[in-house]
Amino acid sequence: MEHYNVKIDAFEGPLDLLLHLINRLEIDIYDIPVAEITEQYLLYIHTMQVLQLDVASEYLVMAATLLAIKSKMLLPKHEEDLLDDELGLGHEEDTMEELVERLVEYRKYKEAAVDFKEMEKERGLMFTKPPSDLSDYAKDVQPEKTELNVSLYDMLGAFQKLLRRQKLQKPLSTKIARQEIPIETRMAEILDDLRQFKVRKSFYDLFPVLDRENIVVTFLAMLELIKRHEIFIEQEGNFSEIYVSAMEGGDEY
Amino acid sequence: MSINIVNWKGIVESLLFAAGDEGLTLKQMALVLEIEELQAEEIIKELMEDYQKDDMRGITVIELAGTYQLATKKENSAYLKRLVVTPQASTLSQAALETLAIIAYKQPITRAEIEEIRGVKTERPIHTLMAKALIKEVGRADGSGRAYLYGTTKEFLDYFGLKKIEELPPLPEKVDEDYLQDEADLFFDKVQLPLAFPGEGQ
Amino acid sequence: MSINIVNWKGIVESLLFAAGDEGLTLKQMALVLEIEELQAEEIIKELMEDYQKDDMRGITVIELAGTYQLATKKENSAYLKRLVVTPQASTLSQAALETLAIIAYKQPITRAEIEEIRGVKTERPIHTLMAKALIKEVGRADGSGRAYLYGTTKEFLDYFGLKKIEELPPLPEKVDEDYLQDEADLFFDKVQLPLAFPGEGQ
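Protein chains in written order, with my numbering: chain E, 64 to 316; chain U, 20 to 221; chain H, 20 to 221.
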């Protein structure tokens with residue numbers, strides 16, 4: 064079930080993926096074993112493809128770069144120098160050095176983003192109040208037609224503040240209402256539903272709540288039930304109604 | 020009593036502050052703090068006493084129709100008036116900017132609808148924006164009240180350097196929605212395969 | 020000194036309360052109170068001290084984006100979360116945070132330069148950050164493309180609880196090697212199965 068959660072954006076790009084591999088292999092960023100890292104990198108790309116996830120072009124470009132560095136390093140030193148001289152290229156260290164530099168630079172901001180996340184959280188612990196309504200103090204004051212000194216961004220900023228402003232819960236309860244629906248819960252509900260009626264149900268009737276979260280969770284729950292042979296799906300012809308029924312003697316979930 | 024270990028007074032002060040003009044009833048406080056209403060009343064009485072005793076405070080707790088709320092002390096109202104009159108660093112207050120944003124994105128819109136979104140009275144910001152010719156009345160709403168509908172003006176576009184209202188940057192919810200949509204599309208692309216061969220394993 | 024006769028601290032507290040999350044600058048306070056900015060600063064510092072000293076208080080004065088405002092103390096956040104809902108509680112994505120970090124430290128900066136550092140397209144995070152008013156266009160780069168340059172906004176400071184941009188923590192030069200480990204493991208736990216048989220499907 065779990066691998067359904069994997070998204071292509073599990074990494075923020077090829078540099079992020081490389082940093083991850085470097086960490087996982089516990090190697091020094093300034094002394095990267097090119098062959099190993101390339102192999103691991105390609106394995107990852109391959110996995111993504113097995114999982115039928117789109118692999119963004121940036122990842123493929125990086126794969127090519129790694130392969131180029133690796134193959135150049137395999138060449139005997141003098142041949143490689145000859146080749147470089149012929150083609151007017153620098154040494155392979157230059158490309159590797161460049162990559163390491165990029166990794167180090169990127170890592171700084173990735174780390175800073177961790178700080179930002181923490182600051183965001185800390186700030187969220189403090190609550191403020193909207194400006195008081197002071198109209199009573201200003202009844203006889205006429206707004207002057209002065210030069211404005213604000214930009215579109217000030218307006219958007221004020222609007223963001225408004226959106227972030229907390230509101231009293233109505234009706235007030237001690238629990239926060241919105242909750243994610245666990246797939247397991249939805250699976251049990253679907254099974255109950257199907258077993259109770261003992262007949263097949265239209266696929267579409269199994270989506271009682273048409274919000275995105277519900278649709279996705281219900282769909283995932285169905286996939287999992289199919290995998291576990293707990294439900295059965297039939298369709299008589301292309302584009303005809305899809306029916307879902309409970310399998311007899313399926314494991315009690 | 021445990022009341023002295025947990026800082027109930029401080030917590031109640033926080034709650035009253037965040038509740039703003041809406042205030043809180045004893046029942047609400049008791050619910051949030053998971054205590055009895057009687058205890059809540061005791062805490063708020065103590066808090067009120069503290070405020071009363073301390074002449075240096077600029078705010079106080081008031082009771083209005085069964086709800087408690089924080090408010091500025093009456094003695095300081097002259098300064099609040101000056102706050103309203105004193106020219107702002109930026110010439111539009113945050114209240115006015117918020118109101119302008121709501122009108123820009125949701126026009127035509129009535130004052131009641133704006134107040135619903137902002138949660139506070141909006142008479143004055145509308146007044147200010149009208150005086151600065153950034154908004155205007157564009158019609159009347161259907162219904163008994165026939166309330167005025169507000170919209171932005173040509174001056175608004177000029178001022179913010181927009182050719183037309185559609186040039187406003189999209190709202191974040193909109194962006195997030197688009198983003199979710201993409202994600203969902205991606206997801207449904209991915210999982211199509213198993214659906215196509217549902218009974219295969221049987 | 021007249022500061023002790025007029026209850027300045029109380030007045031400032033009233034003003035801050037009324038200003039709410041719009042906050043007040045020293046300049047505004049000085050204007051309203053008809054005193055020097057330095058005096059205003061002195062008063063606010065005293066007020067902040069009073070709040071800090073008194074553990075029983077549930078609110079405090081914070082400095083955000085060049086303004087002072089009242090806010091609830093962090094310790095009480097658990098109770099406040101029971102009382103209020105924050106409609107836009109959604110936090111920034113990893114992509115948005117990285118992009119924002121690059122902009123914050125290297126502003127003004129073009130999108131191409133950001134993409135150079137991140138190694139991926141960054142159009143969407145920039146879009147989100149603009150819509151959330153955390154960044155803005157601050158000019159155009161020289162050169163043929165005349166690309167937009169991005170910088171952070173006042174809302175950025177507010178959102179992250181910063182007084183001013185100089186208050187940003189220094190950019191980490193030396194990085195702790197472990198920081199990535201957790202999230203990485205999470206991913207590989209999930210995909211371990213296919214990883215074990217990479218060539219199987221061929």
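Note that CB positions come from ideal geometry on N, CA and C, so glycine has one too.
- Under the Cβ criterion of 8 Å, H/Gln-71 is not counted among the residues facing chain E.
- Per the coordinates, the alpha-carbon of H/Val-31 lies some 19 Å from the alpha-carbon of U/Ser-112.
- Beta bridge pairing from DSSP links E/Ala-309 with E/Ile-294.
- Interface annotation, E/Asp-178: in contact with chain H, CB-CB separation under 8 Å.
- For E/Glu-161, the closest alpha carbon among the candidates E/Leu-129, E/Phe-179, E/Val-177 and E/Lys-264 is that of E/Leu-129.
- Under the three-state reduction of DSSP, H/Arg-101 is assigned to helix.
- Per the C-alpha coordinates, the member of H/Leu-43, H/Thr-129 and H/Ala-49 positioned closest to H/Ala-90 is H/Leu-43.
- Beta bridge pairing from DSSP links H/Ala-90 with H/Thr-79.
- The beta carbon of H/Gly-158 sits closer than 7 Å to the beta carbons of Pro-127 and Leu-168 from its chain, once the five residues preceding and following it are set aside; these are given in chain order.
- For H/Gly-29, the enclosing alpha helix (DSSP H) starts and ends at 27-38.
- Interface residue (Cβ-Cβ distance to chain E less than 8 Å): U/Gly-138 is classified as such.
- The straight-line gap separating the alpha-carbon atoms of H/Glu-192 and E/Ser-265 is approximately 59 Å.
- Residue nearest to E/Met-159 within the set E/Ala-98, E/Lys-192 and E/Ala-176 is E/Ala-98 (criterion: CA-CA distance).
- According to DSSP, residue pairing for H/Lys-125 in a beta bridge does not occur.
- The Cβ of H/Thr-171 sits no closer than 8 Å to any Cβ of chain U.
- In the DSSP assignment, H/Leu-168 is bridged to H/Thr-129 and H/Gly-158.
- By the Cβ neighbour-count rule, U/Arg-165 is exposed, with fewer than 16 other Cβ atoms within 10 Å of its own.
- Out of E/Arg-291, E/Ile-108 and E/Leu-257, the CA that lies nearest to the CA of E/Tyr-306 is found in E/Leu-257.
- The CB of U/Tyr-98 comes closer than 8 Å to the CB of Ile-30, Ser-33, Leu-34, Val-51 and Leu-52 in chain H, given here in chain order.
- Per DSSP, the beta-bridge partners of E/Ser-265 are E/Tyr-306.
- In this structure, U/Val-103 keeps its C-beta atom at 8 Å or more from the C-beta atom of U/Asp-40.
- At a Cβ-Cβ threshold of 8 Å, U/Ile-184 and U/Leu-190 do not count as neighbours.
- Taking a 10 Å sphere around the C-beta of E/Met-111, we find 16 or more other C-beta atoms and assign the residue as buried.
- Taking 8 Å as the CB threshold, U/Pro-144 stays off the interface with chain H.
- Cβ atoms of U/Leu-66 and U/Lys-28 come within 8 Å of each other, at about 5 Å.
- From the listed residues E/Leu-254, E/Ser-198 and E/Glu-168, the smallest Cα separation to U/Thr-141 is found for E/Ser-198.
- At least 8 Å separates the CB of U/Asp-177 from every CB of chain E.
- When DSSP reads this structure, E/Lys-230 sits in a beta bridge with H/Val-104.
- Here H/Leu-43 carries a strand assignment [DSSP, helix/strand/coil].
- Scanning chain U for C-beta atoms nearer than 8 Å to the C-beta of H/Arg-76 yields Gly-29 and Glu-32, reported in chain order.
- Contact check for H/Gly-180 and H/Leu-99: beta-carbon distance about 16 Å, past the 8 Å limit, so the pair fails to qualify.
- Between the C-alpha atoms of E/Ala-309 and E/Met-218 there is a straight-line separation of about 55 Å.
- E/Asp-117 has its alpha-carbon roughly 37 Å from the corresponding atom of E/Pro-139.
- Exclusion of the five residues before and after E/Tyr-169 leaves Leu-78 as the residues of its chain whose Cβ lies within less than 6 Å of its Cβ.
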